[in-house]
Amino acid sequence: MHSGMARELKYLTFKPSNSMAMHANHDPHLHDHLYYSGSAQAATNRVELNVKASQTWNEFELRAESTNKSVLPFDVRDRWDFEGDALYSRWFGNYLNLMAGGTAFNSKGYGMVGIGYLLPSLVESRVFVSHEGKLRLDLLKHLQWTSLVFTDLEYRWRPRWDADHESEIKASLMYGPSRDWSGGFLFTNDSIGVGAQAKF
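Following this note's numbering, the numbering of the sequence shown begins with 5 at its first residue and continues without gaps.
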């Protein structure tokens, strides 16, 4: 009922009691509430935090991640690269949205605008242009193999941003006995890690 999957019928002359009238401001049919969700992921090769606040047509997203670029696991000379996005999205239906915000990548900050579209098979696609005219393509897909095993796939392509990071692939193979947490393997272009994910 909180998400709006219920219907209430009443007469035009209906007057709620005082105890019910106090709760009218919580009715999702009368107000466009702001909903929050997020996830935190930590592994031997990668750390990531995602937070979203969304309404019917507006969405605010904050993503921060750090990836270990060392060749050997548990190398004492570990080199962690930071990357992050702060985006505002305006939806125009179930499939199309326009985005604006900024990204931090390779120790530099960029302003960017973009367009997102939900492709067939629920593949989320995003194309951005930075304030320097550089393109970025993101493709994201969630695969639910069984009720407990799933994979999150992410492909990011940045031509002319950095020759060493032009193309990035990230994938997971996770076992999630509950909606709130899961554990498993995290794969990147350079490494394989073991870690856990919490959702809130």
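Positions of the beta carbon are idealized from the N, C-alpha and C atoms, including for glycine.
Open item on the list: By DSSP's criteria, S129 is part of a beta bridge. Which residues make up the other side?
Closed with: Residue numbering aside, residue 129 sits at position 125 when the sequence shown is read from its first letter. S129 pairs with Y121 and L143.
TODO: Starting from the Cα of L38, find the closest Cα among G113, E63 and W84 and give me that residue.
DONE: Residue 38 sits at position 34 when you count from the first residue of the sequence shown. That would be E63, whose Cα lies nearest to the Cα of L38.
Task: Where the alpha helix (DSSP H) through N110 begins and ends - done: By one-based count along the sequence shown, residue 110 stands at place 106. Counting along the chain, N110 falls outside any alpha helix (DSSP H), and DSSP gives it neither H nor E.
Open item on the list: Less than 8 Å between the C-beta atoms of S129 and Y121, yes or no?
Closed with: For the purposes of this step, residue 129 is taken as residue 125 along the sequence shown, with counting starting at 1. For the purposes of this step, residue 121 is taken as residue 117 along the sequence shown, with counting starting at 1. Cβ atoms of S129 and Y121: closer than 8 Å.
Task: Helix, strand or coil at A90 according to DSSP, with G and I counted as helix - done: The sequence position of residue 90 within the sequence shown is 86, counting from 1. Reduced to three states, the DSSP call for A90 is strand.
TODO: Throw me the rounded Cβ distance for the G105 and D89 pair, which I believe falls under 8 Å.
DONE: One-based indexing of the sequence shown puts residue 105 at position 101. One-based indexing of the sequence shown puts residue 89 at position 85. The pair is a contact, with the Cβ atoms about 6 Å apart (cut-off 8 Å).
TODO: Tell me, please, which residues DSSP counts as bridged to F64.
DONE: On the sequence shown, residue 64 is found 60 positions in, with the first residue counted as 1. DSSP, once it has assigned bridges, lists A57 and Y92 as partnering F64.
Open item on the list: I need the DSSP call for S195, collapsed to helix, strand or coil.
Closed with: Indexing the sequence shown from 1 puts residue 195 at position 191. S195 falls in the coil class under three-state DSSP.
TODO: Give me the Cα-Cα distance between E158 and N101, rounded to the nearest whole angstrom.
DONE: Taking the sequence shown and counting its residues from 1, one reaches residue 158 at position 154. Taking the sequence shown and counting its residues from 1, one reaches residue 101 at position 97. Their Cα atoms are separated by approximately 19 Å.
TODO: Out of L152, N193 and L66, state which residue places its alpha-carbon closest to the alpha-carbon of V55.
DONE: Mapped onto the sequence shown, residue 55 falls at position 51. The shortest Cα separation from V55 among L152, N193 and L66 belongs to L66.
- [ ] Determine, using beta carbons only, whether F189 and S171 come nearer to each other than 8 Å.
- [x] As a position in the sequence shown, residue 189 is number 185, starting the count at 1. As a position in the sequence shown, residue 171 is number 167, starting the count at 1. No, the pair does not count as a contact, with Cβ atoms beyond the cut-off.
Open item on the list: By the DSSP assignment, the alpha helix (DSSP H) with S23 in it spans what residues?
Closed with: Mapped onto the sequence shown, residue 23 falls at position 19. Its alpha helix (DSSP H) spans residues N22 to A25.
TODO: For V198, count neighbouring C-beta atoms within 10 Å of its own C-beta (all shown protein chains included) and say buried if the count is 16 or more, exposed if not.
DONE: Start at 1 with the first residue of the sequence shown, and residue 198 comes out as number 194. So V198 ends up on the exposed side.
Open item on the list: Please identify the residue among F132, W161, L139 and S58 whose C-alpha is closest to the C-alpha of M103.
Closed with: Here the question's residue 103 lines up with position 99 in the sequence shown. Taking only the C-alpha atoms, the option nearest M103 is F132.
Task: Rounded straight-line distance, which links the Cα of S23 to that of F86 - done: Within the sequence shown, numbered from 1, the residue matching residue 86 stands at position 82. Within the sequence shown, numbered from 1, the residue matching residue 23 stands at position 19. Whole-angstrom Cα-Cα distance: 51 Å.
Open item on the list: Are the CB atoms of G42 and F204 within a distance shorter than 8 Å?
Closed with: As a first step, residue 204 is located in the sequence shown; it is residue number 200 there, counting from the start. As a first step, residue 42 is located in the sequence shown; it is residue number 38 there, counting from the start. Yes, Cβ-Cβ distance for F204 and G42 is below 8 Å.
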